[in-house]
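Take any residue in the sequence shown, note its place counting from 1, add 44, and you have its number in our numbering.
Taking it in order: structure first as structure tokens, then the write-up.
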Amino acid sequence: MKIMDMLRKDCITASLKGQTKRDVLLEMSRTVALAEPVCDADRIVEVLLEREKLGSTGIGDGIAIPHGKLVELENMVIGFGRSLNGIDFNAMDGRPVHLFFLLLAPESSTGYHLKALARVSKMLKDETFRRRLLKASSEDEIYRIIEEKDEVF
Numbered sequence: 045m046k047i048m049d050m051l052r053k054d055c056i057t058a059s060l061k062g063q064t065k066r067d068v069l070l071e072m073s074r075t076v077a078l079a080e081p082v083c084d085a086d087r088i089v090e091v092l093l094e095r096e097k098l099g100s101t102g103i104g105d106g107i108a109i110p111h112g113k114l115v116e117l118e119n120m121v122i123g124f125g126r127s128l129n130g131i132d133f134n135a136m137d138g139r140p141v142h143l144f145f146l147l148l149a150p151e152s153s154t155g156y157h158l159k160a161l162a163r164v165s166k167m168l169k170d171e172t173f174r175r176r177l178l179k180a181s182s183e184d185e186i187y188r189i190i191e192e193k194d195e196v197f
């Protein structure tokens, strides 16, 4: 499984404007909905916020991996967003979140969804990778950094 098979360049936001969890999820959902017309941004946010009620997807080290399932999706979709200022996302370590990987899966996928979550999580354990994502100057550079990591991982 490769992350790049599910991440499109037009689903990357290098500078999220949102200041709250909901704002960031909506901003990222709108980006994904533009790239995946079968998705509705408001519906995506609803699904993501329902998942957040189970526990924050802010896993610490400035990272969050919000995720959910949508019946209308046929294939998994990944989006990426970066907040330069950081967002209070109720992360496990209490620190602000800067890097967001948004994972959306078809309702029927369980194993594949979990494998994608695990792969993204393992990639983000690399501090150098996280630093490179934080310092990247554009969506194109972020895309290349993720692509490079995905190839060697």
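Heads up, the beta-carbon is just placed ideally off N, CA and C, and yes, glycines get one too.
A distance below 8 Å separates the beta carbons of valine 121 and leucine 148.
Remark: fewer than three beta-carbon pairs, one from each stretch, lie closer than 8 Å, so the segment 81-93 and the segment 156-171 are not flagged as touching. Taking C-beta atoms as the reference points, isoleucine 186 and isoleucine 56 count as a pair closer than 8 Å. For alanine 85, the secondary structure class from DSSP, reduced to helix, strand or coil, is helix.
Taken atom to atom, the span from the alpha-carbon of isoleucine 103 to that of arginine 126 is near 15 Å. Serine 181 and leucine 98 have their alpha carbons spaced roughly 34 Å apart. In this structure, phenylalanine 144 keeps its C-beta atom at 8 Å or more from the C-beta atom of methionine 167. Here isoleucine 56 is bridged, per DSSP, to Phe124. Rounded to the nearest angstrom, the gap between the Cα atoms of histidine 111 and arginine 175 is 23 Å.
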